[in-house]
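To start, the structure itself, in structure tokens.
Numbering (UniProt numbering), first residue to last: 1 to 1125.
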């Protein structure tokens, strides 16, 4: 393990000796930049101009990503340089923003000049100016550093660039002395002349070196099917080609690729390839020689984009800005001024007493500021929040400290004044665009006048020949229009097939003609690769819209009928087109109001592409209850307002993605509307589709956020999806053994087929059952995904691991086990036939009641076990096994679990073999630990001892299994059940094995294996032993003490590593990072988690050692957890 007290050296331009910065394994590059900025008195606003680069004699252009852990930087000696990296177009503005940053920039320029490190500067041509600047600096040294004129003149070479001294050594001294004398005699203001000297120095420098801070990179570029070496230069303020320009090796001409303002996002692959997506033009692909160089290039573009275009957005998903993520998680503005805050209040139409803004302090890194509107005609009242050691308090109040900012906001004595928070927006951060050049306007449009769309064309109805109807709404009342294929005869030799949308026969056209004209005007002005082009409008009889025709038809129907031919990569690519449509609509200030899977058409499906396009929304009378799947919760009381809301489009986009990854499944009608609304208002969402990775589902849940201001923005969504697609394209292997497509989905699913039980063995409702039928009975949360919408410091709620995603089964996993609708029906009918029946079982009467869930081997029912001796009743859970699974696997599980008896292992009552094979076990109401951690996050964050008690329970249960030579092989919080708030039990022995004499077991059959929990030897060789359970236990501890976070060794968007790369990452020593404190501590991480991840199995502890370590970490107050247990 790395030394937690190591220091790194950071060189700065203002002093000769480097700063010694202490770091730990969790210190990021941005942390180092902030700490160095503090030492130099550079404030929170200007520090974003600075970067950290590796100090190297071979490569002075290797800059580090802000999110990189500094001890993982490939720098053996840990020596770095802190420099101003991002250039402002007007350096005088820097002086007004931060005088210390301005002063630093002066010394940086001087240092680079003296060392002849200013690229593009011709020292010989500019020798006169350089000598003059050197003399000015000599005089500055006399005034500012109180040096004598004699000493300065004697050391004049120290103020001149090396190149100038080298070529003009014998002719410098006399003109330097004479010029210095003139300068001294002209000064009439004494030391006040120092700022004038610095300003003149920098102005002169900018005139002779306008391209200072321009960076150049080498890469491979694909041209005409072959890779060529190219040089890339990045300079946002280049006089002819601002932004990024390229020159192919052995050619002289440079080609302009994009201005910074033209960039959309960046995507990366593990082999050092970067895809640059632009507003105009096809994406550019570059392959760098190393990933470190790649990230240096990415951080340059990302930094300029944040400082010129959108401070609130990271261009690349694989290298984020930690401080920005922190601000978003606590819903805070950046370090904006009180004037900007007041301006935000004035622009808010809903400005009222109690509205408040949370912002980062402009002066103090550890402080936040709350501006509260107390009167519309007065300036806001300001409160300062001070933070120290992870605790927060109001300035001037030393009595009460809070563990998070939002705990303080909602619980302190001033909380009555804090009524409505105004959340940060992109526009609100415009004050922080330090590098924005307002004097230059870039033409980012298409210069081809022929391609510009000015509005709808009027089309003569006589040129339209109607053909067949291709789409008619299921319920006529839902739409006013019908869709038909037609032939458009533009001329005798120019015919094309088009789609015509015209009114239903019984619709009064005059009542809706203005709506049609408005629709055609809005949608004909959109130019997008992901939106169907609207050609024009027929205003005579019949009145109709005319648009592009795509023979493959609506996306939902195509998915259902061609699912065997649609790959996962196709679905991801389709998702990028759906997101593109959303972003292009946002750019055009359009709201669709009806984004659904059936509103997209398949434009192209080939071996290499799957293109979908969004059609116009059409004209509808009103929303129906079926639309609730796509309507956000804030519009439940005024549902028609969703039609004009861009935030509603984001929600509908997410539901459309859910449809996409369920292969166009037909969702049932919502019968119990009030219950449906109630569930969603409690932050309950639809389960993760089987054919969907965690990172994609994470995007869905971000777009389903109950707070419209927190929902993921279209540009960020497109960026993340493109990153996922590029990773898949570059590395098609995934972390789970791929499933055959025919095993995932049964035949075409209808509404009735979709009413499937979709939760764990102990769940008492289903999602689709709730919406497809009238429901009566108790409600629970365990069957849904529940999100905590309360913001908290640095601990945004992790919703990608849901109860449904993490437990043994889900809606689609149930379908995965079936191959036909008959089998679904037979298994369900078989289980349902057992309900309300009684059986004699172990001197007791077993009564089976309602179905409560769907397990891996079959349906789960609630049962009531009544003793024949004393009539004592006991609730149990009963697994009703499918006939197809009454096999050796299940018999092995029964053989293992029947003989177990331990307080921390789920108790088995026995097996009922007739009339069907049924496993009877204890009923546990609180569900899985995975779900419980997230549902009770606010409560558990301060309960380190209780989390240690959970850890102890599991370790003791595992120690017991080890004594019986049993390995579990699937140890994770999803397979731990919460018996009571202080007791947990191990469950799910579907992968468990008795160990042979050799004390290890080799995988016999290919299964879907969760690699994130598996030790290297299990991944590489399929070799399992008690030590592989130890590794998994360490990952489980991470889940517990991160309160349910997903255990990603690398960033989320790089998590689909193939086996080779995953092993490489582990061999290099990368491990899960220490979770936040509280509830985790360094002792817990160092003594419990980290030892479990020793690469060599023999170096890992055993469960007895871990039990002793846990007990030593539990405080004296822990006794209550044992007594309660």
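The beta carbon of each residue, even a glycine, is placed where N, CA and C say it ideally should be.
Length of the line joining the Cα atoms of residue 255 and residue 401: 57 Å
Runs of alpha helix (DSSP H) lying entirely within the region 564–600, each at least 4 residues, in chain order: 568–587
Among 529, 560, 1025, 366, nearest to residue 389 - alpha-carbon criterion: 366
Of the listed residues 664, 654, 549, 495, nearest to residue 616 (C-alpha basis): 549
Extent of the continuous alpha helix (DSSP H) to which residue 78 belongs: Going by DSSP, residue 78 is part of no alpha helix (DSSP H) at all; its letter is neither H nor E.
Alpha carbon of residue 1030 to alpha carbon of residue 932, nearest angstrom: Separation of residue 1030 and residue 932 (C-alpha to C-alpha, rounded to the nearest whole angstrom) is 23 Å.
Residue 1097: first and last residue of the uninterrupted beta strand (DSSP E) it sits in: It is not in any beta strand (DSSP E) - residue 1097 carries neither H nor E in the DSSP assignment.
Under the three-state DSSP convention, the category residue 261 falls into: helix
Where residue 554 sits in the DSSP three-state scheme: strand
Of the residues 605, 989, 176, the one placed nearest residue 968, counting alpha carbons only: Nearest Cα to residue 968 within the set 605, 989, 176: 989.
Nearest residue (CA-CA) to residue 1015, options 1062, 981, 976, 973: 1062
Beta bridge counterpart(s) of residue 918 as assigned by DSSP: In DSSP, residue 918 forms a bridge with 880, 912.
Buried versus exposed, by CB contacts within 10 Å (16 or more), residue 166: Its Cβ having fewer than 16 others within 10 Å, residue 166 is exposed.
Inter-stretch contact at 8 Å, needing at least 3 Cβ pairs: the region 1038–1045 / the region 46–56: no
Whether residue 948 touches residue 1110 by CB criterion (7 Å): yes
Contact under 7 Å by Cβ, residue 544 with residue 538: yes
Assigned exposure category for residue 895 - 16 Cβ within 10 Å defines buried: Residue 895 should be labelled exposed.
Endpoints, beta strand (DSSP E) assigned at residue 615: Unbroken run through residue 615: none, as it is neither H nor E.
Proximity of residue 973 and residue 1039 at Cβ, strictly below 7 Å: yes
Local Cβ density within 10 Å of residue 66, reported as buried at 16 or more and exposed below that: Taking all protein chains in view, the Cβ of residue 66 is crowded by 16 or more other Cβ atoms within 10 Å, so the residue is classified as buried.
Top-ranked residue by Cα proximity to residue 1011, from 1036, 993, 113: 1036
Distance, residue 24 Cα to residue 1085 Cα: 13 Å
Contact belief for residue 268 with residue 723 at Cβ below 8 Å, rounded distance in angstroms: 7 Å
Contact between the region 183–198 and the region 208–223 (3+ Cβ pairs under 8 Å): The region 183–198 vs the region 208–223: no contact.
Contact under 7 Å by Cβ, residue 880 with residue 918: yes
Three-way DSSP call (helix, strand, coil) for residue 8 in this model: strand
Per-residue DSSP class, three states only, for residue 383: Residue state, collapsed to three classes: strand.
Given 8 Å, three or more beta-carbon pairs between the region 619–628 and the region 636–649: Counting Cβ pairs under 8 Å, three or more are found: they touch.
Limits of the alpha helix (DSSP H) - the one that residue 648 falls within: 646–661
Nearest-angstrom beta carbon gap, residue 30 and residue 53 [assumed within contact, 8 Å]: With a Cβ gap of about 14 Å, residue 53 and residue 30 do not count as contacting.
Beta strand (DSSP E) segment containing residue 277, residue limits: 273–278
Residue 22 - partner residues in DSSP beta bridges: 7
Cα-Cα separation between residue 685 and residue 18, rounded to whole angstroms: 53 Å
Where residue 1127 falls: helix, strand or coil (DSSP): Coverage of the chain is limited to positions 1 through 1125, which leaves residue 1127 absent and any answer about it impossible.
7 Å Cβ cutoff, residue 1049 in contact with chain C: In the structure shown, chain C does not exist; there is a single protein chain.
Own chain, CB closer than 8 Å to residue 1054, minus 5 neighbours either side, in chain order: Bear in mind that the predicted position of residue 1054 carries a pLDDT of just 43, short of 50, making it unreliable; the figure below should be weighed with that in mind. Result list for residue 1054: 270, 318, 727, in chain order.
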